[in-house]
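Heads up: the sequence lines are chains A and B, in that order. The working numbering numbers the first residue of the first sequence as 19 and each following residue consecutively. The working numbering numbers the first residue of the second sequence as 19 and each following residue consecutively. Using N, Cα and C, we set each Cβ at its ideal position, and we do this for glycine too. Input: a single structure, listed below in structure tokens.
Protein chains: 2
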Amino acid sequence: MSVIRLTAVSYMVLGLIERAGEATPYQVKQFAAQSVGNFWSIQHAQLYTESARLAKAGLLAEEREKGGRRRRTYRLTKAGRAALRDWLAEPETSLGELRSPGLLQLFFGAEKAPLARAQLEAHARKLAEYEQLHEAAGAWLPEGQRLALEAGIAHEREWLRFWREVGDIDP
Amino acid sequence: MSVIRLTAVSYMVLGLIERAGEATPYQVKQFAAQSVGNFWSIQHAQLYTESARLAKAGLLAEEREKGGRRRRTYRLTKAGRAALRDWLAEPETSLGELRSPGLLQLFFGAEKAPLARAQLEAHARKLAEYEQLHEAAGAWLPEGQRLALEAGIAHEREWLRFWREVGDIDP
DNA sequence: GACTGTACCGTCTACTTTGGACGGTTGCCA
DNA sequence: TGGCAACCGTCCAAAGTAGACGGTACAGTC
């Protein structure tokens, strides 16, 4: 029941477990991988430690299998639900960072054409993946989730535009 | 002279010191803050440890003041220059992540209007800063650096579009 | 029923990165 | 000369990353 600092990762875990009702870290990993992980990825190992940390702080209730894999299943406590609600009620004013490895190379003077080609291909692949997801699931996704996906699509399109211009490649 | 893994931060330090000719970690911090730090920030403490690490690996040469602040000044070694060149010659195919705290809240169902307002304000401020920088210095920036700045501007504009739509706020 | 391949699942270690406190140095102005 | 503000480096605890490692479960095979 110690007091801990809650990070973005903490809220991701809380949020995903709330959506699922209950989940093991392994399941959280899978939920994340197909959704929020697209714009904020987590290492699987961290989900185990983070869940344990949240449980210790009283935000998650833990139940452990007796035999076999000894899986731990977590669900939100009242305090956990409150922490999540409080966070959602306080709009973030901080911004993310682009942190694009390719942009870093461009910054430091890498040759434009090959870099642009490499980045274009990767971004095109990512965009296709997003668009497919949007087409397949867009309609029944919770609104926030759908909007987040649309943000991802918009930024991928922007990257395509950018790298095409850098590489002087026609659309 | 040990072998180490080179990360994006390593290349940022190498790249910035190469530009400067020679620099103390403190100076690297300042160069970074006005340029590459806008899309890939580093903690000042890390610049000291990273520089030391690169020196130990033989990629930087270190010279230390005798008295006073005992500043360490670094410059690239031949090996350092080679490492930087090799990295630049191999176009990155990996992508960055959006990692926007606001988007995370949206994903988990935060109320749209207040969130959009908060994010809009922050992004507008950032965009203004970039545009001012671009106007003031754009013409004499090295090309890669200028393009990186333009990428930043484009993405900020995209964020504005996005949050305006989310919050149903007119342009 | 033992055997094997594959997917599933949790833990561990070493290292990097973060956030921020802390404390000393230096130049400037009163 | 004395004090203040800016400058500068180091340290620590905690969070996060990368990936190896090893065990469990289940399906199909002989």
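Is A169(B) helix, strand or coil when you go by DSSP?
Residue state, collapsed to three classes: helix.
Starting from the C-beta of V27(B), find all residues in its chain whose C-beta is less than 7 Å away, skip the five residues before and the five after it, and write them out in chain order.
For V27(B), where only same-chain residues beyond five positions count, the Cβ hits under 7 Å are I60, Q64, E68.
Assuming A155(B) is part of the beta strand (DSSP E), what are its boundary residues?
Where A155(B) is concerned, there is no enclosing beta strand (DSSP E), although the alpha helix (DSSP H) around it starts and stops at 130-155.
Per DSSP, the bridge partner or partners of E81(A):
Per DSSP, the beta bridge partners of E81(A) are T91(A).
Which residues does DSSP pair with A41(B) in a beta bridge?
For A41(B), which the question treats as bridged, DSSP gives the partners Y92(B).
Please confirm whether R117(A) has its beta-carbon closer than 8 Å to some beta-carbon of chain B.
Chain B contact via Cβ: present.
Integer Cβ distance of Y148(B) from E174(B), believed to fall under 8 Å:
Taking a contact as a CB-CB distance under 8 Å, the pair Y148(B) and E174(B) counts as one, their CB atoms being some 6 Å apart.
Does E80(A) come within less than 8 Å of chain B when only Cβ atoms are used?
E80(A) does not count as touching chain B.
In this structure, does DSSP put Q52(A) in helix, strand or coil?
For Q52(A), the three-state secondary structure derived from DSSP is helix.
If you follow the alpha helix (DSSP H) that P160(A) is in, where does it begin and where does it stop?
DSSP places P160(A) outside any alpha helix (DSSP H), giving it a letter other than H or E.
E110(B), DSSP secondary structure in three states:
DSSP places E110(B) in coil when its eight states are reduced to three.
Using a C-beta to C-beta distance shorter than 8 Å, which residues of chain B count as neighbours of K84(A)?
Annotation: K84(A) has no Cβ neighbours in chain B at a cutoff of 8 Å; minimum Cβ distance is about 33 Å.
What is the rounded straight-line gap between the Cα of L102(B) and the Cα of P43(B)?
Straight-line Cα distance between these residues: approximately 18 Å.
State the Cα-Cα distance for the pair P109(B) and M30(B), rounded to the nearest angstrom.
Cα-Cα distance, rounded: 15 Å.
Assuming L94(A) and L32(A) form a contact by the criterion Cβ under 8 Å, report the distance between their Cβ atoms to the nearest whole angstrom.
L32(A) and L94(A) do touch by the CB rule: their CB atoms are close to 7 Å apart, below 8 Å.
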